[in-house]
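Enquirer: In this note's numbering, the protein residues as written are 3 to 129. The beta carbon of each residue, even a glycine, is placed where N, CA and C say it ideally should be.
Written as C-alpha coordinates, this is what we have:
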(Lines of atoms letter the chains of each structure in order from A; the text may use other names.)
(Lines give C-alpha, C1' and ligand atoms only; values in the text may rest on other atoms or scores of the structure.)
Protein backbone atom coordinates (compact mmCIF):
# COMPACT_ATOMS: atom_id res chain seq x y z
CA UNK A 3 0.00 0.00 0.00
CA UNK A 4 2.95 2.32 0.40
CA UNK A 5 4.03 1.85 -3.22
CA UNK A 6 4.24 5.14 -5.01
CA UNK A 7 4.00 7.03 -1.76
CA UNK A 8 6.50 9.86 -1.68
CA UNK A 9 8.72 10.10 1.35
CA UNK A 10 8.59 13.56 2.87
CA UNK A 11 11.92 15.16 3.38
CA UNK A 12 12.03 16.54 6.86
CA UNK A 13 14.56 18.82 8.40
CA UNK A 14 17.94 17.16 8.74
CA UNK A 15 19.05 17.34 12.37
CA UNK A 16 22.57 17.06 13.61
CA UNK A 17 23.44 14.41 16.16
CA UNK A 18 23.27 16.89 19.05
CA UNK A 19 19.93 18.29 17.80
CA UNK A 20 18.50 14.77 17.54
CA UNK A 21 19.72 14.01 21.05
CA UNK A 22 18.15 17.22 22.39
CA UNK A 23 14.89 16.52 20.55
CA UNK A 24 14.68 13.03 22.06
CA UNK A 25 15.35 14.43 25.55
CA UNK A 26 12.58 17.00 25.08
CA UNK A 27 10.13 14.32 23.96
CA UNK A 28 10.97 12.14 26.95
CA UNK A 29 10.54 15.10 29.27
CA UNK A 30 7.17 15.97 27.73
CA UNK A 31 5.95 12.38 27.98
CA UNK A 32 7.17 12.06 31.57
CA UNK A 33 5.45 15.20 32.87
CA UNK A 34 2.24 14.62 30.87
CA UNK A 35 2.85 17.69 28.75
CA UNK A 36 2.72 15.79 25.48
CA UNK A 37 -0.92 14.71 25.93
CA UNK A 38 -1.95 18.14 27.21
CA UNK A 39 -0.32 19.84 24.25
CA UNK A 40 -1.84 17.39 21.79
CA UNK A 41 -5.35 17.93 23.18
CA UNK A 42 -4.86 21.67 23.31
CA UNK A 43 -3.59 21.79 19.71
CA UNK A 44 -6.55 19.74 18.49
CA UNK A 45 -9.01 22.03 20.31
CA UNK A 46 -7.29 25.12 18.91
CA UNK A 47 -7.45 23.75 15.37
CA UNK A 48 -11.15 22.95 15.78
CA UNK A 49 -11.85 26.51 16.96
CA UNK A 50 -10.21 27.83 13.80
CA UNK A 51 -12.37 25.64 11.54
CA UNK A 52 -9.42 23.55 10.41
CA UNK A 53 -11.34 20.25 10.48
CA UNK A 54 -14.18 21.66 8.39
CA UNK A 55 -11.64 22.94 5.88
CA UNK A 56 -10.08 19.47 5.65
CA UNK A 57 -13.49 17.84 5.17
CA UNK A 58 -14.30 20.25 2.37
CA UNK A 59 -10.95 19.69 0.70
CA UNK A 60 -11.44 15.91 0.91
CA UNK A 61 -14.87 16.14 -0.72
CA UNK A 62 -13.43 18.30 -3.49
CA UNK A 63 -10.58 15.83 -4.07
CA UNK A 64 -13.07 12.96 -4.34
CA UNK A 65 -15.26 14.91 -6.76
CA UNK A 66 -12.26 15.80 -8.92
CA UNK A 67 -11.06 12.20 -8.99
CA UNK A 68 -14.31 10.64 -10.14
CA UNK A 69 -15.47 13.28 -12.57
CA UNK A 70 -18.62 14.00 -10.59
CA UNK A 71 -19.98 10.43 -10.55
CA UNK A 72 -21.05 8.63 -7.39
CA UNK A 73 -18.18 6.15 -7.70
CA UNK A 74 -14.80 6.71 -6.09
CA UNK A 75 -13.13 3.83 -7.92
CA UNK A 76 -10.80 6.16 -9.80
CA UNK A 77 -8.80 7.29 -6.76
CA UNK A 78 -6.54 5.14 -4.64
CA UNK A 79 -6.45 5.38 -0.88
CA UNK A 80 -2.76 6.33 -1.03
CA UNK A 81 -3.45 9.16 -3.45
CA UNK A 82 -6.38 10.46 -1.39
CA UNK A 83 -4.35 10.21 1.83
CA UNK A 84 -1.43 12.07 0.30
CA UNK A 85 -3.75 14.82 -0.93
CA UNK A 86 -5.37 15.16 2.49
CA UNK A 87 -2.09 15.16 4.42
CA UNK A 88 -0.45 17.70 2.12
CA UNK A 89 -3.40 20.05 2.44
CA UNK A 90 -3.83 19.44 6.18
CA UNK A 91 -0.28 20.27 7.12
CA UNK A 92 -0.20 23.26 4.81
CA UNK A 93 -3.44 24.70 6.12
CA UNK A 94 -2.45 25.04 9.78
CA UNK A 95 -2.46 28.75 10.60
CA UNK A 96 1.28 29.30 10.70
CA UNK A 97 1.81 32.31 12.90
CA UNK A 98 -0.88 31.75 15.44
CA UNK A 99 -0.95 28.04 16.24
CA UNK A 100 2.53 26.86 15.26
CA UNK A 101 4.28 29.66 17.12
CA UNK A 102 2.01 29.33 20.13
CA UNK A 103 2.70 25.62 20.47
CA UNK A 104 6.41 25.98 19.88
CA UNK A 105 6.42 28.34 22.84
CA UNK A 106 4.26 25.98 24.93
CA UNK A 107 6.56 23.05 24.18
CA UNK A 108 9.63 25.02 25.25
CA UNK A 109 7.78 26.17 28.35
CA UNK A 110 6.65 22.63 29.26
CA UNK A 111 10.23 21.42 28.99
CA UNK A 112 11.55 24.13 31.24
CA UNK A 113 13.21 26.15 28.49
CA UNK A 114 12.80 29.87 28.24
CA UNK A 115 13.98 32.46 25.77
CA UNK A 116 17.22 33.11 27.62
CA UNK A 117 18.10 29.40 27.43
CA UNK A 118 17.39 29.43 23.71
CA UNK A 119 19.41 32.59 23.14
CA UNK A 120 22.34 31.16 25.08
CA UNK A 121 22.24 27.97 23.00
CA UNK A 122 22.14 29.94 19.75
CA UNK A 123 25.12 32.01 20.88
CA UNK A 124 27.06 28.86 21.76
CA UNK A 125 26.28 27.33 18.37
CA UNK A 126 27.42 30.48 16.58
CA UNK A 127 30.67 30.53 18.56
CA UNK A 128 31.37 26.90 17.64
CA UNK A 129 31.11 27.67 13.90
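1) Between the Cα of residue 108 and the Cα atoms of 17, 14, 93 and 29, which residue gives the shortest distance?
2) If you follow the alpha helix (DSSP H) that residue 20 is part of, which residue opens it and which one closes it?
3) Below 8 angstroms, can you find three or more Cβ-Cβ pairs linking the segment 77-97 to the segment 46-54?
4) Using only alpha-carbon positions, find the residue among 42, 85 and 46 that is nearest to residue 61.
5) Residues in the same chain with beta-carbon distance under 8 angstroms from residue 102, minus the five sequence neighbours each way, listed in chain order, please.
6) Comparing alpha-carbon positions, which option in 20, 19, 33 and 14 lies nearest residue 112?
Expert: The short version:
1) Closest by alpha carbon: 29.
2) In the DSSP annotation of this structure, the continuous segment of the alpha helix (DSSP H) that includes residue 20 starts and ends at 17-32.
3) With a cut-off of 8 angstroms on Cβ pairs, the segment 77-97 is in contact with the segment 46-54, counting three or more such pairs.
4) Selection 42, 85 and 46 evaluated against residue 61 yields 85 as nearest (Cα-Cα).
5) Correct list, in chain order: 46.
6) Residue 33 holds the alpha-carbon nearest to the alpha-carbon of residue 112 among 20, 19, 33 and 14.
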